[in-house]
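What follows is one structure encoded as structure tokens, with my remarks underneath.
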Amino acid sequence: MFSYNRLLFLIDHLIWGILVLVFVFFIFQSEYFLTERNISNILTAAAVLGVLVAGQTFVLISGNFDLSTESTLGLAALVGIWLIVPAGPTTFGGGIYMNPYLSIICSLSMGALIGYIIGCLITYGNMHNFIVTLAALLVIRGLMMAFTEGAPVSGFNNPSADVFYWLGHEKAFKVPGLGKISVAVLATGLVYIVCHLILKHHKFGRELYAIGGNRDAAEALGINVNRRIRQVYMLSGLLAALGGWMLAGRVVSIQSNLGETFIFTVFAGAVIGGVSLQGGRGTMLGALGGVLLLSTIDRGLNLMQVSVFWIKVIQGSVILVAMLIDAQRVRLKELSIIATSEKK
Amino acid sequence: MKILELKNISKSFGAIHALENVDLDITPGEALGLMGDNGAGKSTLVKIVAGNFSPTNGEIFVAGKKTSISNPLEARNHGIEIVYQDLKLCNNLTASANVFLGREINSGFGVFSRLKHTAMNDRAAELFGELQSETRPNDVVERMSGGQRQAVALARTRLSDPKIVLLDEPTAAISIRQVAGILARIKQLKETGHAVILVSHRMMDVFEVCDRVAVLRRGNKIADKPIANTNPEEVTGLITGALEKA
């Protein structure tokens, strides 16, 4: 028998079906698509994006936005390398020669601190999260530019920067069929497992859903909503800095525009994965599906030698289609509510 | 013995005096009807007892001990449970998640704790059974009828063994058949020694289950008398202002 519930279940997990379809499509389009090298490329490209989307998913579920993560990612990468490389031309570092492990701790804590400050501005300052994070996006990017005066900071061929390249570039082990799995992919996988556990099986995650679903109710039942919001932004900042660490290990030098416009892809990934912009809805697994879909499309179009200009058009269309599906999901839900309440 | 005693409670929001020197008390096994027109201060009073607002002035005694209730969790720890007028449900969560919201059952500690889904679902199913509701723990609240939603909100009050149960307009948004269920529930709470405060507009409900009725008008308590010594006409007059004082 036709059942709305079954249909809803299908639509809720549609992302994986689409992913398979897109995958098959590209296999027929390019003989190189199913090579180990390409699969490993897709996964590596998904790694940095994935970390940012994971952070954004927490923020979105709590009913907030964080537009600033792309700048936090850039600044974290920049500071991390700057602290360890020599000053002067070719490297443009700070000449501090900090221990690289210490510099990573500095960079990650800075990311968390930025998130905490944003959270404080929103909760204590009573400001709208959209405006605060938009301002933070500009301020942090501006700081990066002012700090380096546009010079690219480079840790290339510097043994101290090895720990960055370890996360960004190193291959952990070889999996037949999937190619060499990089450390970055493993790290992102781990991030998703932990984030999934937090969201699904920890009180913290449950409270985020409650806040995103009905903030008023969450408050009335004794959840410290403002504190949770500060924590969520901290988490988002920390994950952005982790993404920065990964990305710093993948690029030769860190330009002051590292990560710019990345935020659009981050939102696209989360939304395509079924995370609602209205808050309270979405899962880590869905978000991961969105990330994989985006990077699969990206690599596939690359292999098909589609012009860079058209890639943007296609990415935009993918977002539109995803939103269209989401809108139908909401409508179907309403239909099914009517159907079930009429039965009673 | 008084289980809850409010003395000289006042609450102002800027220049607006929502409550002025209100005294209220209740004993175990008693049901008090709290009545008044819109804006009379009923909800403010409920929120003070629930810990959502702190009073500008006045004292609260729970079981004879002076207490301050600065947040909803403290109210619960003092044995005060509230069913809010708008029920305070999260539509995106399941019935069981809503029942346990704010006091989930965990295993482990702090960062390494884990929600015990099965334990919570089992307990929620038990509670729905006691309430004679067909609600299943894993149903999502947004797909429920008014009565089922009410059952979820009521189930929350039964998680602990409360001494005082506050019901803010519990019969406002449900069908007639379900109203009878709620009233039966209130009688049952009385019989088991709970103190019940029923905030309601519905004269019929108050006269059916309450032992005493208190009337608020413009932030002042203007009447507080046993149900046996009054009648719906008098109470209506007090609420509207046709009668100045009881």
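The listed protein sequences derive, respectively, from chains A and B. Plus 632 on top of the position in the first sequence (first one is 1) and you've got our numbering. Plus 16 on top of the position in the second sequence (first one is 1) and you've got our numbering. Note that beta-carbon positions come from the ideal geometry of N, C-alpha and C, so glycine has one too.
Per-residue DSSP class, three states only, for residue i
{"i": "R174 (chain B)", "result": "coil"}
{"i": "H94 (chain B)", "result": "coil"}
{"i": "L666 (chain A)", "result": "coil"}
{"i": "G854 (chain A)", "result": "coil"}
{"i": "G725 (chain A)", "result": "coil"}
{"i": "S59 (chain B)", "result": "helix"}
{"i": "A111 (chain B)", "result": "helix"}
{"i": "A239 (chain B)", "result": "strand"}
{"i": "K803 (chain A)", "result": "strand"}
{"i": "A861 (chain A)", "result": "In the sequence under discussion, the amino acid at residue 861 (chain A) is Ile, which differs from the Ala named in the question. DSSP places I861 (chain A) in helix when its eight states are reduced to three."}
{"i": "T29 (chain B)", "result": "Per the sequence shown, the amino acid found at residue 29 (chain B) is Phe instead of Thr. Three-state DSSP puts F29 (chain B) in a strand."}
{"i": "S814 (chain A)", "result": "strand"}
{"i": "S703 (chain A)", "result": "helix"}
{"i": "M633 (chain A)", "result": "Residue confidence is low: M633 (chain A) scores 46 on pLDDT, short of 50, so the model does not pin down where it sits. No coordinate-derived value is stated."}
{"i": "K261 (chain B)", "result": "coil"}
{"i": "V907 (chain A)", "result": "coil"}
{"i": "M730 (chain A)", "result": "coil"}
Among the options, the one whose alpha carbon lies nearest that of residue i
{"i": "R882 (chain A)", "options": "A:F796, A:S694, A:G706 and A:G922", "result": "A:F796"}
{"i": "A708 (chain A)", "options": "A:L692, A:N696, A:L684 and A:I825", "result": "A:L684"}
{"i": "A679 (chain A)", "options": "A:I749, A:G809, A:V815 and A:T667", "result": "A:V815"}
{"i": "E142 (chain B)", "options": "B:L175, B:R233, B:M160 and B:S191", "result": "B:L175"}
{"i": "P186 (chain B)", "options": "B:F128, B:V215, B:S84 and B:L205", "result": "B:V215"}
{"i": "N236 (chain B)", "options": "B:L103, B:V65 and B:L35", "result": "B:L35"}
{"i": "L935 (chain A)", "options": "A:V652, A:L651, A:V950 and A:I674", "result": "A:I674"}
{"i": "V950 (chain A)", "options": "A:S939, A:S927 and A:K965", "result": "A:S927"}
{"i": "A283 (chain B)", "options": "B:I85, B:R218 and B:I243", "result": "Beyond the ends of chain B as shown, which are 17 and 262, falls residue 283 (chain B); an answer cannot be given."}
{"i": "G45 (chain B)", "options": "B:S70, B:I213, B:T151 and B:K206", "result": "B:K206"}
{"i": "P791 (chain A)", "options": "A:V945, A:I895, A:I713 and A:G649", "result": "A:I713"}
{"i": "V115 (chain B)", "options": "B:L89, B:A171, B:V225 and B:V195", "result": "B:A171"}
{"i": "G95 (chain B)", "options": "B:T173, B:S161, B:H217 and B:K23", "result": "B:T173"}
{"i": "F641 (chain A)", "options": "A:A902, A:E966 and A:R961", "result": "A:R961"}
Status (buried if at least 16 other CB within 10 Å, exposed otherwise) for residue i
{"i": "S672 (chain A)", "result": "buried"}
{"i": "N637 (chain A)", "result": "exposed"}
{"i": "K27 (chain B)", "result": "buried"}
{"i": "M220 (chain B)", "result": "exposed"}
{"i": "M633 (chain A)", "result": "Its pLDDT being 46, under 50, M633 (chain A) is placed unreliably in this model, and the value from its coordinates should be taken loosely. Answer is exposed; the Cβ neighbour count stays below 16."}
{"i": "F690 (chain A)", "result": "buried"}
{"i": "A258 (chain B)", "result": "exposed"}
{"i": "Q688 (chain A)", "result": "buried"}
{"i": "M17 (chain B)", "result": "exposed"}
{"i": "T723 (chain A)", "result": "buried"}
{"i": "H760 (chain A)", "result": "exposed"}
{"i": "R92 (chain B)", "result": "buried"}
{"i": "R838 (chain A)", "result": "buried"}
{"i": "K835 (chain A)", "result": "buried"}
{"i": "Q910 (chain A)", "result": "exposed"}
{"i": "P248 (chain B)", "result": "exposed"}
{"i": "Q148 (chain B)", "result": "exposed"}
{"i": "V785 (chain A)", "result": "buried"}
{"i": "S739 (chain A)", "result": "buried"}
Identity of the residues DSSP links to residue i by a beta bridge
{"i": "E249 (chain B)", "result": "Paired residues: none, contrary to the question."}
{"i": "L22 (chain B)", "result": "B:L40 and B:I76"}
{"i": "G52 (chain B)", "result": "B:L232"}
{"i": "L105 (chain B)", "result": "DSSP, once it has assigned bridges, lists no residue as partnering L105 (chain B)."}
{"i": "V215 (chain B)", "result": "B:L50 and B:D184"}
{"i": "N934 (chain A)", "result": "For N934 (chain A), which the question treats as bridged, DSSP gives no partner whatsoever."}
{"i": "N122 (chain B)", "result": "B:L131"}
{"i": "L290 (chain B)", "result": "One cannot answer for residue 290 (chain B) here, as it falls past the ends of chain B, which runs 17 to 262."}
{"i": "S885 (chain A)", "result": "A:S786"}
{"i": "K82 (chain B)", "result": "B:F77"}
{"i": "V156 (chain B)", "result": "B:T110"}
{"i": "L35 (chain B)", "result": "B:K27"}
{"i": "V99 (chain B)", "result": "B:L183"}
For the region 93 to 126 of chain B, which residues have a CB atom closer than 9 angstroms to at least one CB atom of chain A, in sequence order? I98, Y100, D102, L103, K104, L105, C106, N107, N108, L109, A113, N114, F116, L117, G118, R119, E120 and N122
By the 8 angstroms beta-carbon criterion, what residues does the region 787 to 805 of chain A contribute toward chain B? none
Residues, ordered as in the chain, of the region 839 to 853 of chain A that lie near chain B by beta-carbon distance below 9 angstroms: E839, Y841, A842, I843, G844, G845, N846, D848, A849, A850, E851, A852 and L853
Just by C-beta distance, which residues in the region 79 to 93 of chain B are closer than 9 angstroms to chain A? N87, P88, L89, E90, A91 and R92
Tell me which residues of the region 896 to 922 of chain A have at least one Cβ-Cβ distance to chain B shorter than 7 angstroms, keeping chain order. G912 and R913
Tell me which residues of the region 739 to 752 of chain A have at least one Cβ-Cβ distance to chain B shorter than 7 angstroms, keeping chain order. none
Residues in the region 63 to 79 of chain B with C-beta within 7 angstroms of chain A's C-beta atoms, listed in sequence order? N68
For the region 819 to 836 of chain A, which residues have a beta carbon sitting closer than 7 angstroms to at least one beta carbon of chain B? H833, H834 and K835
Proximal residues, the region 141 to 156 of chain B versus chain A, C-beta separation under 8 angstroms: none
Near-chain A residues of the region 130 to 141 of chain B - C-beta to any C-beta below 7 angstroms: R130 and L131
If the cut-off is 7 angstroms on Cβ atoms, which residues from the region 854 to 869 of chain A count as contacting chain B, listed in chain order? G854 and I855
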